[in-house]
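Number of protein chains: 4
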Amino acid sequence: MIVEMQTGVDVQQVDGVVQRAKSLGFQVQLNLGTNKVVVAILGSNTGQVPTDTFAVLPGVESVTRIMKPYKLASREFKGEDSVVNVGSVQIGGERVVVMAGPCAVETEEQITEVAKAIKELGAAVLRGGAYKPRTSPFSFQGLEEVGLELLAKARKAFGIPVITEVVDPHDVELVTKSADILQVGARNMQNFALLTEVGKSKRPVLLKRGFSSTITEWLTAADYLLAEGNSQVILCERGIRTFEDSVRFSLDISSIPVVKRFSHLPLIVDPSHAAGHYSLVPAIARAAVAAGADGILIEVHPNPKEALVDGLQSLTISDFSRLMAELKAIAKSMGRYI
Amino acid sequence: MIVEMQTGVDVQQVDGVVQRAKSLGFQVQLNLGTNKVVVAILGSNTGQVPTDTFAVLPGVESVTRIMKPYKLASREFKGEDSVVNVGSVQIGGERVVVMAGPCAVETEEQITEVAKAIKELGAAVLRGGAYKPRTSPFSFQGLEEVGLELLAKARKAFGIPVITEVVDPHDVELVTKSADILQVGARNMQNFALLTEVGKSKRPVLLKRGFSSTITEWLTAADYLLAEGNSQVILCERGIRTFEDSVRFSLDISSIPVVKRFSHLPLIVDPSHAAGHYSLVPAIARAAVAAGADGILIEVHPNPKEALVDGLQSLTISDFSRLMAELKAIAKSMGRYI
Amino acid sequence: MIVEMQTGVDVQQVDGVVQRAKSLGFQVQLNLGTNKVVVAILGSNTGQVPTDTFAVLPGVESVTRIMKPYKLASREFKGEDSVVNVGSVQIGGERVVVMAGPCAVETEEQITEVAKAIKELGAAVLRGGAYKPRTSPFSFQGLEEVGLELLAKARKAFGIPVITEVVDPHDVELVTKSADILQVGARNMQNFALLTEVGKSKRPVLLKRGFSSTITEWLTAADYLLAEGNSQVILCERGIRTFEDSVRFSLDISSIPVVKRFSHLPLIVDPSHAAGHYSLVPAIARAAVAAGADGILIEVHPNPKEALVDGLQSLTISDFSRLMAELKAIAKSMGRYI
Amino acid sequence: MIVEMQTGVDVQQVDGVVQRAKSLGFQVQLNLGTNKVVVAILGSNTGQVPTDTFAVLPGVESVTRIMKPYKLASREFKGEDSVVNVGSVQIGGERVVVMAGPCAVETEEQITEVAKAIKELGAAVLRGGAYKPRTSPFSFQGLEEVGLELLAKARKAFGIPVITEVVDPHDVELVTKSADILQVGARNMQNFALLTEVGKSKRPVLLKRGFSSTITEWLTAADYLLAEGNSQVILCERGIRTFEDSVRFSLDISSIPVVKRFSHLPLIVDPSHAAGHYSLVPAIARAAVAAGADGILIEVHPNPKEALVDGLQSLTISDFSRLMAELKAIAKSMGRYI
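Here it is in structure tokens:
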């Protein structure tokens, strides 16, 4: 951590910074410029100390972090790529893993039809929402427990692992009975009560990036899960909020090489929630695979016109079939497969 | 709702839109331009219907909402300003209500010293956090139940109402025992499980704006509280995330006249979390009162240098005293008082 | 254009809107809902009328545009894809066009070495800046006329077309002597004096997206060029400003399918200025090709450590060689070539 | 400047950084942490050196600036507040200076009526656009030279100084004949060719903040003007682009205390372009004065319903009269006057 002192600072004020750093067990080095005193505070845990600890002291102009605030999710903590195992499916390995299905589980017929189709087309995981966090209280909120049962049935019938969202810390135990991967949604990325419970469950978990969270905040949220001893963490980029209004969210394609540089965790991409419109989904999905994502989480519905939630961003089964052919070609050109 | 059909649309596709609108009980009017068919869908509840309902239909180019998606929080639903009563304190009336105190309750001495000082200086409500949602799992998370007890003590000793944050739906009942106003934090603005429980409690609630939420989403989140029959809702603007990096969050000063135009709910402003630095807080607080906010939620700490959380944005008691004099002068020039 | 009247509007106010629309030559249709009067204003040029024309009238609540404000750049104006011809190079056709070279022209040795290398590796156009718009007045501003001469020499020596930026309307004529494609930089996307001059030159022009411009504003800026009779317009996405701070700019990958949907103009992508760091450039470049971009504008420097400008985002020649192999594989998997 | 070396860096790489710093005339201090080598580069001009100078070197992980990139605009360069004199009007002194008038000069009657009214109501400067940078080529572009003449007439008739925008570097000389203050618009904040010419003119200049520029970039753009020897620089905050869509731009109220902290230049606020709607302008104007702005630049039109440009954000003369009374009360409560 680098502490810049104000111009004309006095010796006592510099000493105040030095003493606080030493009291926290850090080493200190003074840099005396012609205009500025700069105090370097050194130690492997400086990233976990709030900058305010020093910024509040008299005579301090600014405090700059050198170490990242996250630790367990960082590549410095673990050099090699992590792979999450869900049954026989490996996420973060050579295979590009496609997770597909409807936004919300609606009926047994719907989820059965989708599960069958996406499995045949090469998807590795079935997605479907039972608890839906909706912006308006007047919208459909999901089938809840009935939805979980339908997912469990489809899992059994087609031998395909299931991912579904959990929204209340007190539902974690229930959801783990029907789901192989717990999804923490974008709006809950910093719901720390939920993260702690999901961490304790030790289940594979997919942590969506909050739509206004920096990558640093996202990896720090992953630390909440990892700190509970749950190493089965998958990250999911799903678009960030920007000024551009032609899409729901702007998919942050750069997050893929950035996360790969700074973290060992596998990363998949949700093109559906970013685009908000089915016609834009295939281009974004292809881009994600080309940029190095470990998988895709995508909405597929047998009849988007009748979908209760997010029909506009869902692919039909025939659209999905076409996209899978494109993705397989790109994965192959990258030395991977689907 | 306005449905723009694609150029060259056929009669059947237009009819599909008309039929869906009628099946939902809406009136329909066709607008036949030279290049475009535009279908107007009319009815007082069109705001609560997702635009996807029509956007997924064949031949549709775009769907534009005319009615807002929120209802109970809107000025069309209730024309006159709402006033929330907390004991003898009225929020949303002629008085500009100042809520002050430390970010986190730390010790009995700390909370007692602050409570005494801010009451004498004219604050109407004591703030203090017992449950702290922290970005990093390695940071201080609050005194929790012990913190609640210290707040209850201070409330009794100084006869001042208390506001504190609740983060888990299952803590609502417990927190209502010590707090007069429940605070829903910015990161939980769309934690719908929490909103529903807080709504059911019927307690006055302060709903902070998510730092990346539009005003429309914020008022729609307020509908979750109001839909449970809780009419005691106070809004709180606390800054939004932008590209500007000289502050933690950019306080959205325009939100004050915008909310006043579209909603009947009282609105207060938190300058501390927006600024992130004590030197910027007074200017933002003055601006909020001048723009017409109904109050201020502000961090005051007897010794910010030793604060466990957010010391850098806390005013000292003497800073706060100076600011109160400034705010009283501005309130007076506006025909209000503190 | 859709004009929503206020609740309780009177007949005269509605009539005011109708009369103004008719005076501009538009058709009008009234939609009388239970709560709202909505006036639809119809005609093929409504997109070019400012919404304020109606929004200022008494009794108007809101005005929503249905038609886009741009016209000549739109797919409705021209259905088939435009192809820009630069010598024998076609931009917007089957070939994915790579434009490569240093950020700034520095010396004859430098530009010669790069031109030779990138041509051999398959690039179709040489890039190099002679006029550099720099954030600080104390930074290197480019070689100016000397730089143009060095570009012209390299063009002749290697038979490769050249693209370079023009920053002052009064330099357009001079720059056209050395450059085959004029580049309008992101900071000048709404420098209308410059756009008008470049439009008049009739030279192929690459219009970079302003880093805070919506796609609609970008296509409207393209209309400035097209309205002067210059149909040789190439768009270039180069990243937008967001809150994310791990990159200089967030490349807006969704802009590719969005532009392809709404415009007939060719679109290329600059991964270098978006990323700001060479290690992130290849992933973004691959993503752009996979998403359907018609080309890549990329910085290559023989010795980035000694570059006078933007060395950190420049690829070395051997990095570029590796990337070209990757891009060729992806282009092939898409049915295109480089 | 702080250079963080990669973990496991070798001595030669550290030496490379040290040598480059020394070759630029800087002092260097090494900080050897347990995990990291951090090189501090010290000297009063480090702010003007691009971070890339070091970031490109082998073994470097990150480079962090301590000194600001701007110099002449900084409070470190000049401690006391600058005051700009325009005739007898002082900008940056005790008086809060109101600059008012129409967005565009339209007719002699219009500009005469406004000039008379705003002067009587206490405005100190007349604003009016002769050259209008418009988003669409199909919109009214201003009266140009005729507009300048009308402004010059009004100036003479009412003895009030005039501010108007200049958009082309080659018009600067012409515009200085009619205008007391040259305005550089938001879209031209980084039009360096224009800044250089305006700087050379030595005329008082109002530099609007680019709507996506950080405060640091804005002050660095001011350095372009100051570096040409023009010390008569006034800053103008006019709103930034964010995700919020209820206003045209979000006025950055925090910019006022931030600029006052880091710069000596006077700062005024344009509430009209930020709000985009007349009903929101008064609240923002009051907030700006309360936050400490040195003035207001505001649009007033005798008949906004007929305005050719931006009528929706213009106040009528009677609205303006009411607002002036409010602003005077707030200025007085702050110890200032209008």
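Chains as they are written, first to last, in the working numbering: chain A, 7 to 344; chain B, 7 to 344; chain C, 7 to 344; chain D, 7 to 344. Idealized CB from N, CA, C, for every residue including glycine.
Quiz item: What is the rounded straight-line gap between the Cα of Ile274 (chain A) and the Cα of Cys242 (chain A)?
Solution: 5 Å
Practice problem: For the alpha helix (DSSP H) holding Gly107 (chain A), just list the boundary residues, first then last. | Solution: Note, Gly107 (chain A): premise wrong, no alpha helix (DSSP H); beta strand (DSSP E) at 103-107.
Self-check item: Contact residues within the segment 204-238 of chain D, judged by C-beta distance below 7 Å to chain C
Solution: Phe217, Ser218, Glu223, Thr226, Asp229, Tyr230, Ala233
Exercise. Could you check what DSSP says for Lys42 (chain A) in three-state terms: helix, strand or coil?
Key: coil
Quiz item: So with Cβ pairs under 8 Å, would you call Ser145 (chain A) a contact of chain D?
Solution: no
Exercise. May I ask which residues mark the beginning and end of the beta strand (DSSP E) holding Val90 (chain B)?
Key: 90-92
Exercise. Note down, in chain order, every chain B residue with its Cβ under 8 Å from the Cβ of Gln196 (chain A).
Key: Pro139, Thr141, Arg193
Quiz item: So who's on the other strand from Leu48 (chain A), going by DSSP bridges?
Solution: A:Gln33
Quiz prompt | Beta-carbon proximity of Ser256 (chain B) to Gly245 (chain B), cut-off 8 Å | solution = yes
Quiz item: Can you tell me whether Gln189 (chain C) is buried or exposed, with buried defined as 16 or more other CB within 10 angstroms of its CB?
Solution: buried
Practice problem: Let me know if Asp251 (chain B) comes out buried or exposed under the rule of 16 or more other beta-carbons within 10 Å of its beta-carbon. | Solution: exposed
Quiz item: Does the beta carbon of Asp174 (chain B) sit closer than 8 Å to a beta carbon anywhere in chain A?
Solution: yes
Quiz item: When you check each C-beta in the segment 68-96 of chain C against every C-beta of chain D, which residues fall closer than 7 Å?
Solution: Pro75
Quiz item: So with Cβ pairs under 8 Å, would you call Glu10 (chain D) a contact of chain A?
Solution: yes
Practice problem: Verify the CB distance criterion: does Pro56 (chain A) have a CB-CB separation below 8 Å to chain B? | Solution: yes
Quiz item: If we cut at 8 Å on Cβ distances, does Leu318 (chain B) have a partner in chain A?
Solution: yes
Exercise. For Gly245 (chain B), write down the residues that DSSP places opposite it in a beta bridge.
Key: Answer is none; Gly245 (chain B) lacks a bridge partner.
Exercise. Please confirm if Leu257 (chain C) has its CB atom under 8 Å from at least one CB of chain B.
Key: no
Quiz prompt | Three-state secondary structure (DSSP) of Tyr137 (chain D) | solution = coil
Practice problem: Check whether the Cβ atoms of Val253 (chain D) and Val264 (chain B) lie closer than 8 Å to each other. | Solution: yes
Quiz item: By a C-beta neighbour count over all protein chains shown, 10 Å radius and 16 as the cutoff for buried, is Lys162 (chain C) buried or exposed?
Solution: exposed
Quiz prompt | Where the alpha helix (DSSP H) through Ser142 (chain B) begins and ends | solution = No alpha helix (DSSP H) contains Ser142 (chain B), which DSSP labels as neither H nor E.
Exercise. Have a look at D:Gly93, D:Val24, D:Ala281 and flag the residue whose alpha-carbon is nearest the alpha-carbon of Asp186 (chain D).
Key: D:Gly93
Quiz item: Looking at the structure shown, is Val181 (chain A) part of a helix, part of a strand, or coil, going by DSSP?
Solution: helix
Practice problem: Tell me, please, whether the CB atom of Val349 (chain D) is closer than 8 Å to any CB atom in chain C? | Solution: In the structure as shown, chain D begins at 7 and stops at 344. Residue 349 (chain D) is therefore absent and cannot be evaluated.
Quiz item: Which residues of chain D have a Cβ atom closer than 7 Å to the Cβ of Ala199 (chain C), listed in chain order?
Solution: Val173, Asp174
Practice problem: With a floor of 4 residues, list each alpha helix (DSSP H) that falls wholly inside the segment 238-294 of chain D, ordered by position along the chain. | Solution: 261-268, 277-281
Quiz item: Roughly how many angstroms lie between the CA atoms of Tyr230 (chain C) and Val211 (chain C), to the nearest whole one?
Solution: 12 Å
Practice problem: Give a yes or no on contact between the segment 281-294 of chain C and the segment 309-326 of chain C, applying the rule of three or more CB pairs nearer than 8 Å. | Solution: yes
Quiz item: If you draw a straight line from the C-alpha of Gly317 (chain D) to the C-alpha of Val62 (chain C), how long is it?
Solution: 6 Å
Exercise. Taking all protein chains shown into account, decide if Ser29 (chain D) is buried (16 or more other Cβ within 10 angstroms of its Cβ) or exposed.
Key: exposed
Self-check item: Ser207 (chain B) - DSSP class collapsed to helix/strand/coil
Solution: helix
Quiz item: Distance, Cα to Cα, Val69 (chain D) vs Thr220 (chain D)?
Solution: 19 Å
Quiz item: Along the chain, where does the beta strand (DSSP E) that runs through Gln196 (chain C) open and close?
Solution: Careful: Gln196 (chain C) lies outside any beta strand (DSSP E) and carries neither H nor E.
Quiz item: Does Pro263 (chain D) come within less than 8 Å of chain B when only Cβ atoms are used?
Solution: yes
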